[in-house]
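Residues 8 to 411 (this note's numbering) are what the sequence shown spells out, left to right. A short worksheet on the structure shown next.
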Amino acid sequence: MSTLQTQSIERLNLYKGVLDDFLSRLDCLEQGTLEIETNGHLFILNGKVPGNTARINIRSFTAFIKRLYTKGDLGFAESYMAEEWDTPDLTTLLVLLGENRHRFTRLRRASRLSNLANRIHHWSNRNTRQGSSRNIEAHYDLGNEFYRLWLDTGMTYSCGLFHSEQDTLEQAQQHKYQRILDLIQPKVGASVLEIGCGWGGFAEMAAANQIKVDGVSLSPAQLEWANRRIQRQGLAESVELKLTDYRDLSGQYDHVVSIEMFEAVGEAYWDEYFGKLSTLLKTNGTAALQVITISEEAYTSYRKKPDFIQRYIFPGGMLPAVSRLKSLAEKHRFELVEDDSFGLDYAKTLEKWQLNFNQAKDKVFAQGFDPQFIRMWQYYLSYCEAGFLIKRLNLHQILLRKLL
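Printed below as a string of structure tokens:
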């Protein structure tokens with residue numbers, strides 16, 4: 008037998024050994040069915056109980072396995088970005104994997120070296136004043152025209168509230184803003200501070216209800232858009248939007264509103280955030296916070312290593328568990344007046360964003376974004392949608408009142 012034939016057999020045996028090991032690690036589904044296609048072969052793994060059916064088509068098995076075995080969850084995402092595997096329905100696949108998460112511990116675990124490198128990278132993106140500005144710009148200054156392609160016409164980048172299946176994305180976002188106003192119940196002429204004013208959607212609605220709004224953002228691109236919006240609506244006398252870190256603010260307000268900004272603060276600065284919230288509110292003033300949370304069960308392990316979102320989408324970010332939010336509020340002498348959750352509304356919001364994004368994919372390419380970026384964004388939207396569908400993530404609107 009020639010050396011070449013021997014090497015071919017050895018490679019074949021190695022491939023078969025790795026494939027067998029990979030399948031053995033997956034052959035433990037609790038629920039649902041996973042179809043795996045690779046190298047012309049189809050393997051079907053059935054769970055103990057019926058559930059979702061998902062399929063993964065592995066294009067480059069060696070590259071896929073290398074990333075998965077060395078980097079775990081993050082390697083799985085990076086392999087998708089690199090087009091080493093595909094699926095007809097990314098969200099359903101991620102839901103199935105999430106539902107069986109505890110069964111895949113050996114596959115999800117990255118090497119110690121990879122985990123260390125990832126934690127160092129995350130630490131380097133912590134939200135100091137300079138770091139916060141850099142992190143926000145990295146995400147939000149991708150360009151207003153990019154976000155226009157897939158957000159609603161009002162440019163709202165947070166969960167909408169759907170009153171019915173027929174609600175459009177625009178209607179759901181207006182419902183959300185109205186509910187926040189209903190929470191704080193501002194009187195005519197009341198002063199409201201919005202920490203993280205985005206593209207100005209909430210400020211516009213509040214000012215239209217004769218409320219004085221100050222808003223802050225760290226994104227120059229967002230702020231430029233928001234100020235033009237306020238000018239067009241003739242609301243400039245009621246709204247002042249500034250490029251300012253919330254930690255540098257002074258004065259006191261009747262109400263504070265913060266819509267999905269807390270997630271970008273970073274755990275090391277949560278205490279400072281609540282302290283600043285207290286100093287910026289008048290006694291008996293109220294704060295309405297809309298916050299994405301992670302389940303209590305997942306929180307401990309989530310804190311130990313940065314995930315795909317922290318690595319590629321929101322550097323420096325961190326989701327709290329509800330218990331942490333409540334303990335911070337209590338520590339800084341806030342009364343928890345109301346706490347409602349709308350996780351499935353976020354899944355629906357993300358589904359609509361994904362649909363819009365996929366329909367606009369050619370226009371995203373035309374803006375200069377490459378295929379890897381597009382697959383990264385698709386993974387991001389599906390990853391988040393799956394998180395809400397399996398209830399690993401939730402969306403809370405809480406109302407706090409500052410005590411004496």
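Using N, Cα and C, we set each Cβ at its ideal position, and we do this for glycine too.
Contacting residues, own chain, Cβ-Cβ under 6 Å from Asp-221 (five flanking each side not counted): Leu-200, Glu-247
Could you check if Ser-86 is buried or exposed, using at least 16 other CB atoms within 10 Å of its CB as the buried criterion? buried
For Phe-153, which residues in the same chain have their Cβ closer than 8 Å to its Cβ, ignoring the five residues on either side in sequence? Val-371, Gln-374, Phe-376
If you check the beta carbons only, do Leu-4 and Leu-287 fall under 9 Å apart? The requested residue 4 is not part of the displayed model; the chain covers only 8 to 411.
Compare the Cα-Cα distances from Asn-46 to each of Val-56, Thr-69, Pro-57 and report the closest residue. Thr-69
Alpha-carbon to alpha-carbon, Asn-291 and Thr-163: 29 Å
What does Lys-64 pair with, by DSSP beta-bridge criteria? A small fix is needed here, since residue 64 is Asn in this sequence, not Lys. Glu-44, Asp-93, per the DSSP bridge assignment.
Can you give me the start and stop residues for the alpha helix (DSSP H) that Leu-388 sits inside? 378-396
Residues that Gly-222 bridges to, as DSSP identifies them: Glu-201, Leu-248
To the nearest angstrom, report how far apart Ala-393 and Thr-99 are at their CA atoms. 7 Å
Flag this pair as yes or no: are the beta carbons of Gln-297 and Ile-187 separated by less than 9 Å? yes
Measuring straight from C-alpha to C-alpha, what distance separates Ser-198 and Ser-224? 18 Å
Provide the residue span of the beta strand (DSSP E) that contains Asn-216, from first to last. Premise fails: Asn-216 is in no beta strand (DSSP E) and is neither H nor E.
Using a Cβ-Cβ cutoff of less than 6 Å, which residues in the same chain neighbour Gly-350 once the five nearest sequence positions on both sides are dropped? Phe-395, Asn-401, Leu-402
Give the DSSP-derived three-state secondary structure of Gln-404 in the structure shown. strand
Leu-351, enclosing alpha helix (DSSP H) - first and last residue: 350-366
Over what stretch of residues does the alpha helix (DSSP H) that includes Asp-261 continue unbroken? Looking at the DSSP string, Asp-261 is not in any alpha helix (DSSP H); the run it does join, the beta strand (DSSP E), is 260-266.
Proximity winner among Lys-409, Gly-167, Leu-230, relative to His-339 (alpha-carbon distances): Lys-409
Are there 16 or more other CB atoms within 10 angstroms of the CB of Lys-359, so buried, or fewer, so exposed? buried
Kindly list the residues whose CB is nearer than 7 Å to the CB of Trp-384, restricted to its own chain and excluding five residues on each side of it in sequence; keep chain order. Phe-364
Can you name, in chain order, every residue of its own chain whose Cβ lies under 6 Å from the Cβ of Asn-151, other than the five neighbours on each side? Ala-228, Trp-232
Helix, strand or coil, according to DSSP, for Gly-82 in the structure here? helix
Assumed close pair Phe-71, Trp-92 - CB separation to whole angstroms, cut-off 8 Å: 5 Å
Nearer than 8 Å: is that true of the beta carbon of Glu-90 relative to any heavy atom of the ligand GDP? As presented, the structure is devoid of all ligands, the ligand GDP included, so that no description of it is given.
Less than 9 Å separating the beta-carbons of Phe-209 and Ile-266? yes
With 16 as the cutoff for other CB atoms within 10 Å, does Leu-30 come out buried or exposed? exposed
Would you call the CB atoms of Gly-324 and Ala-271 closer than 9 Å? yes
How would you call Glu-37, buried or exposed, if buried means at least 16 neighbouring beta carbons within 10 angstroms? exposed
Would you say Ala-295 and Phe-341 are within 9 Å of each other, going by their C-beta atoms? no
Within 10 angstroms of its Cβ, does Glu-180 collect 16 or more other Cβ (buried), or is it exposed? Contrary to the premise, residue 180 reads as Gln rather than Glu in this sequence. Buried: at least 16 other Cβ atoms inside 10 Å.
Of the residues Gly-241, Leu-406, Asp-314, Ser-334, the one placed nearest Gly-79, counting alpha carbons only: Asp-314
Paired residues, beta bridge with Ala-294 - DSSP: Val-263, Leu-407
If Phe-281 sits next to Leu-335, beta carbons under 8 Å apart, how far is it from one beta carbon to the other, in whole angstroms? 5 Å
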